[in-house]
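Undergrad:
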Amino acid sequence: MHIRPTTPSGAAAVPDSQGLNLWRSDPVLAKLAGFYLPSGLFSHLSRHLDRLGGLAGGTLDELAGTADRNPPVLHHRSRTGADAQRIEKHPAYQEMERLAFGEFGLAALSHRAGVLGWDAPMPPLAKYLITYLFVQAEFGLMCPVSMTDSLTRTLRKYGDPALVARYLPALTSQDMDELCQGAMFMTEQGAGSDVGATDVRAAPGPDGMWKLNGDKWFCSNPDAGLAMVLARPEGAPPGIKGVGLFLLPRLLPDGTANAYRILRLKDKLGTRSMASGEIRLEGALAWPVGDLGAGFRQMADMINNSRLSNGVRAAGLMRRAVTEALYIAHRRTAFGRRLVELPLMRRQLAKMLIRAEQARTMMFQTAETLRRADAGEAGAYALLRILTPLIKFRACRDARQVTGDAMEVRGGCGYIEEFSDARLLRDAHLGSIWEGTSNIVALDVLRAAGREGSLDALAAHVKNLCQAPGLPEAWPAMQRAVALAEAASAEPALTRQAASALYHVTSAAAMAWEAERIGDPARLRLARLVLRHRVLPRDPLEADDADGADLAELLGDVGG
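Just so you know, we're using this note's numbering here: the sequence shown kicks off at 1006 and counts up by one.
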């Protein structure tokens, strides 16, 4: 006779993962990191990742919740009436800044040696791996971190050597008193995705600097020490070719405040911990960066770096959502059974897991391609140019779905701000907006294909991945996805469908390739499920539960 287990009551009936180490609870992450990173670096970073995993599931998560409930405040004047703007940030946010910029050196480790005791600059994947864990607790701060890192990269690539020498030490400092954070002021009221409509004007000024005038509409980290700004120089032609790139300091070399004001801070749906504001430039002095006739092309380097970071952050949000959902499903009972034993819940959890694992694999693949491109490897840049918009487009959209489903798994408690679900859901929606909306980024996939030959590079990459056995359907599916992308060049309405197809097939092939190399049969089953549920045609009216036997094994507990 079957005896129903006793259902917990009261507080015992509400699973709470507070204090869970998000590194230890995710053994697949360690396997993948150990495979993709050089063995010596992975061994060195392991204890730091373990520490961050503990922080992300405990102290850092608490700090993030506190900062989310206590957003920054803009003060225009001192108490004596002096015009002295400052943004007051809650101590919880300041402590998170210390952890991100200071202890873990996230804005510095790609640019110099010495961060976390490593004797050389680290490859991009190390930065994104730390970001992936950090963002599972705090999303908003990762925007200033990413912009500081990306500004440094762009400045080093295109800036005058004297500017690089002046600001690089402060941009890569782990001393919070010396640190100079970065920002990107691009958006205007009439120039969001349409950068060619930029209306802020630039005129020659003293000592090789230019004077900027006009308004910027959405500026995250508005009190940053340095910002990259798009503006139209006097006499420049209309459109995107007439836009120049400038480096705007908050303080001028003589220590005086530059001539721009923060008009107000935005009241946002998410990323509440981090300040975003409107800027009025009133003859603000800035240095030109690179060729003034190629401003957007140069800014695109910073944008693409930020887009990859967006994809990584979306992957991190999904992983936190999946971790929470699995933790609950293994501990909460309903109708005499654990949630994870209920067939519909298993399917819901599996679909969340599939999306999260796709994004994670694409994070590793794209970060490794970035390393190869920076090293000058032939063909790597073309591949990077298509992988970057693919992960930004699809992972950011998937994060909205996964965080919403995770809230549903927790039920009514998921709708309460005391748990992480509401914050994850709110933050996830921004990924599909900043650094390009979904339509714009999907179109960038086709732009990369046309200008860089990136579609051929991606097809060759996937064909190589498909040499691994176990997923024979992947290469025929990729050939069809490439044909769809080629058709989308003539019919733009197909663009999102084509970008999704390329993402799904590439991630499935890469997951199968990973499965063989790390000896993980479960990962191969996930790769098959990607194709089955997100690519290959199915009859929606067919009664088919062919996945049922696989799901229980894939949905293991995360709590130890």
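Even for Gly, the Cβ is constructed at its ideal location relative to N, Cα and C.
Would you check if the distance between the CB atom of arginine 1528 and the CB atom of methionine 1516 is smaller than 7 Å?
TA: Mapped onto the sequence shown, residue 1528 falls at position 523. Mapped onto the sequence shown, residue 1516 falls at position 511. Closer than 7 Å, so yes.
Undergrad: Kindly indicate which three-state DSSP category proline 1211 falls into: helix, strand or coil?
TA: One-based indexing of the sequence shown puts residue 1211 at position 206. Correct three-state label for proline 1211: helix.
Undergrad: Which of helix, strand or coil does DSSP assign to aspartate 1088?
TA: Against the sequence shown, residue 1088 aligns to sequence position 83. Three-state result, aspartate 1088: strand.
Undergrad: Tell me the rounded alpha-carbon separation between threonine 1203 and glutamate 1519.
TA: For the purposes of this step, residue 1203 is taken as residue 198 along the sequence shown, with counting starting at 1. For the purposes of this step, residue 1519 is taken as residue 514 along the sequence shown, with counting starting at 1. Taking the straight line from one Cα to the other gives about 44 Å.
Undergrad: Rounded to the nearest angstrom, what separates proline 1126 and isoleucine 1333 at their Cα positions?
TA: Here residue 1126 refers to the residue found at position 121 when the sequence shown is read from its first residue. Here residue 1333 refers to the residue found at position 328 when the sequence shown is read from its first residue. C-alpha separation (whole angstroms): 40 Å.
Undergrad: Report yes if the C-beta distance between leucine 1388 and threonine 1366 is below 7 Å; otherwise report no.
TA: Numbered from 1 along the sequence shown, position 383 holds the residue referred to as residue 1388. Numbered from 1 along the sequence shown, position 361 holds the residue referred to as residue 1366. Against a cut-off of 7 Å, the Cβ pair of threonine 1366 and leucine 1388 comes out as no contact.
Undergrad: Do you know whose CA, among Glu1413, Arg1501 and Ala1097, lies nearest alanine 1567's CA?
TA: Outside the shown range of the chain, which is 1006 to 1565, sits residue 1567, and nothing can be said about it.
Undergrad: How would you label alanine 1170, buried or exposed, when you count the other beta carbons within 10 angstroms and need 16 or more for buried?
TA: The count along the sequence shown starts at 1 and reaches residue 1170 at position 165. Classification of alanine 1170: exposed, given that the 10 Å Cβ count is below 16.
Undergrad: Between alanine 1097 and leucine 1068, which are expected to be in contact by the criterion C-beta below 8 Å, what is the C-beta distance as a whole number of angstroms?
TA: The residue you call residue 1097 lines up with position 92 of the sequence shown. The residue you call residue 1068 lines up with position 63 of the sequence shown. Contact between alanine 1097 and leucine 1068 is confirmed by a C-beta separation of about 4 Å, below the 8 Å threshold.
Undergrad: How many whole angstroms separate the CB atoms of leucine 1556 and alanine 1355, which I take to be in contact at a CB cut-off of 8 Å?
TA: Mapped onto the sequence shown, residue 1556 falls at position 551. Mapped onto the sequence shown, residue 1355 falls at position 350. Indeed, because the Cβ distance is near 5 Å, the residues count as touching under 8 Å.
Undergrad: Give me the Cβ distance between leucine 1079 and glycine 1282, rounded to the nearest whole Å; I'm assuming they're in contact under 8 Å.
TA: Numbered from its first residue, the sequence shown carries residue 1079 at position 74. Numbered from its first residue, the sequence shown carries residue 1282 at position 277. Leucine 1079 to glycine 1282, Cβ: 7 Å. Contact.
Undergrad: Rounded to a whole number of angstroms, what is the C-alpha to C-alpha distance between arginine 1302 and leucine 1250?
TA: To locate residue 1302, count along the sequence shown from 1; it is residue 297. To locate residue 1250, count along the sequence shown from 1; it is residue 245. The alpha-carbon of arginine 1302 is positioned some 9 Å away from that of leucine 1250.
Undergrad: May I have the straight-line CA-CA distance separating aspartate 1379 from tyrosine 1386, to the nearest angstrom?
TA: Translated into the one-based positions of the sequence shown, residue 1379 becomes position 374. Translated into the one-based positions of the sequence shown, residue 1386 becomes position 381. Cα-Cα distance, rounded: 8 Å.
Undergrad: Checking the sheet assignment: what are the DSSP bridge partners for cysteine 1224?
TA: Mapped onto the sequence shown, residue 1224 falls at position 219. Answer is Gly1282.
Undergrad: Out of His1466, Arg1117 and Gly1455, state which residue places its alpha-carbon closest to the alpha-carbon of arginine 1161.
TA: In the sequence shown, counting from the first residue as 1, residue 1161 sits at position 156. The shortest Cα separation from arginine 1161 among His1466, Arg1117 and Gly1455 belongs to Arg1117.
Undergrad: For glutamine 1370, which residues of its own chain have a beta-carbon under 6 Å away from its beta-carbon, when the five flanking residues on both sides are left out?
TA: Position 365 of the sequence shown, counted from the start, is the residue given in the question as residue 1370. For glutamine 1370, where only same-chain residues beyond five positions count, the Cβ hits under 6 Å are Ala1515.
Undergrad: Histidine 1080 bridges to which residues according to DSSP?
TA: Residue numbering aside, residue 1080 sits at position 75 when the sequence shown is read from its first letter. Per DSSP, Arg1091.
Undergrad: Short check: CB of alanine 1291 to CB of leucine 1217, under 7 Å?
TA: In the sequence shown, the residue the question calls residue 1291 occupies position 286. In the sequence shown, the residue the question calls residue 1217 occupies position 212. Yes, they are a contact pair.
Undergrad: Pick helix, strand or coil for isoleucine 1333, following the three-state DSSP scheme.
TA: To locate residue 1333, count along the sequence shown from 1; it is residue 328. If DSSP states are grouped into helix, strand and coil, isoleucine 1333 belongs with the helices.
Undergrad: Hey, quick one: how far does the beta strand (DSSP E) through proline 1254 stretch, first residue to last?
TA: Numbered from 1 along the sequence shown, position 249 holds the residue referred to as residue 1254. 1249-1254 is the span of the beta strand (DSSP E), which, as asked, contains proline 1254.
Undergrad: On the DSSP bridge assignment, give the partners of alanine 1232 in chain order.
TA: Counting from one through the sequence shown, the residue named residue 1232 turns up at place 227. The partner list for alanine 1232 (beta bridge, DSSP) reads Ala1188 and Leu1253.
Undergrad: According to DSSP, is glutamate 1478 part of a helix, a strand, or is it coil?
TA: Within the sequence shown, the letter at position 473 stands for residue 1478. Residue state, collapsed to three classes: coil.
Undergrad: Which same chain residues end up closer than 6 Å to threonine 1177 when comparing Cβ atoms and leaving out the 5 residues on each side of it in sequence?
TA: As a first step, residue 1177 must be located in the sequence shown, where it is residue number 172. Closer than 6 Å at the Cβ level, and outside the excluded window around threonine 1177, lie Ala1113, His1116 and Arg1117.
Undergrad: Please state if the CB of methionine 1307 and the CB of methionine 1233 are separated by a distance shorter than 7 Å.
TA: On the sequence shown, position 228 is the one that residue 1233 refers to. On the sequence shown, position 302 is the one that residue 1307 refers to. Yes. Within cutoff.
Undergrad: Heavy atom of the ligand MG less than 6 Å from the Cβ of alanine 1089, yes or no?
TA: This structure does not include the ligand MG; it has no bound ligands of any sort.
Undergrad: State the CB to CB distance for the pair leucine 1027 and alanine 1061, rounded to an integer number of angstroms; the pair is presumed to be in contact (CB under 8 Å).
TA: Start at 1 with the first residue of the sequence shown, and residue 1027 comes out as number 22. Start at 1 with the first residue of the sequence shown, and residue 1061 comes out as number 56. The pair is a contact, with the Cβ atoms about 5 Å apart (cut-off 8 Å).
Undergrad: Can you have a look at methionine 1368 and say buried or exposed, based on whether 16 or more other CB atoms are within 10 angstroms of its CB?
TA: The count along the sequence shown starts at 1 and reaches residue 1368 at position 363. Result: buried.
Undergrad: Spatial neighbours of alanine 1241 within its chain, please: CB distance less than 6 Å, with the 5 preceding and 5 following residues excluded, ordered by chain position.
TA: Locating residue 1241 in the sequence shown gives position 236, counting from the first residue. If we look at alanine 1241 and ignore the five residues flanking it on each side, its Cβ neighbours are Gly1247.
Undergrad: Beta-carbon separation of tyrosine 1137 and glycine 1321 under 7 Å?
TA: Here residue 1137 is taken as the residue at index 132 of the sequence shown, counted from 1. Here residue 1321 is taken as the residue at index 316 of the sequence shown, counted from 1. In contact: tyrosine 1137 and glycine 1321 (Cβ atoms closer than 7 Å).
Undergrad: Taking 8 Å as the limit between beta carbons, can you name the residues of its chain near isoleucine 1445, skipping five residues before and five after?
TA: Residue mapping note: residue 1445 aligns to position 440 of the sequence shown, counting from 1. Cβ neighbours of isoleucine 1445 beyond the five flanking positions: Ser1198.
Undergrad: So leucine 1344 and arginine 1352 are supposed to be a Cβ contact under 8 Å. How far apart are they, rounded?
TA: One-based indexing of the sequence shown puts residue 1344 at position 339. One-based indexing of the sequence shown puts residue 1352 at position 347. In fact, because the Cβ distance is near 12 Å, the residues do not count as touching under 8 Å.
Undergrad: For the beta strand (DSSP E) containing aspartate 1267, name the first residue and the last one.
TA: One-based indexing of the sequence shown puts residue 1267 at position 262. The identity of residue 1267 in the sequence shown is isoleucine, whereas the question assumes aspartate. Its beta strand (DSSP E) spans residues 1265-1270.
Undergrad: Skipping 5 residues on each side, what residues in its chain have a beta carbon closer than 6 Å to that of valine 1464?
TA: Sequence index remark: in the sequence shown, residue 1464 carries index 459 (1-based). Per the sequence shown, the amino acid found at residue 1464 is alanine instead of valine. These residues qualify, in order along the chain: Val1487.
Undergrad: Is it right to say phenylalanine 1340 is buried, meaning 16 or more other beta carbons lie within 10 angstroms of its own, or is it exposed?
TA: As a working note, residue 1340 is residue 335 in the sequence shown. By the 10 Å Cβ count, phenylalanine 1340 comes out exposed.
Undergrad: From the DSSP output, in three-state form, read off leucine 1338 for me.
TA: Position 333 of the sequence shown holds residue 1338. First, the amino acid is wrong: residue 1338 is threonine here, not leucine. Three-state result, threonine 1338: strand.
Undergrad: State the start and end residues of the unbroken alpha helix (DSSP H) segment that holds histidine 1116.
TA: The residue given as residue 1116 occupies position 111 in the sequence shown. Counting along the chain, histidine 1116 falls outside any alpha helix (DSSP H), and DSSP gives it neither H nor E.
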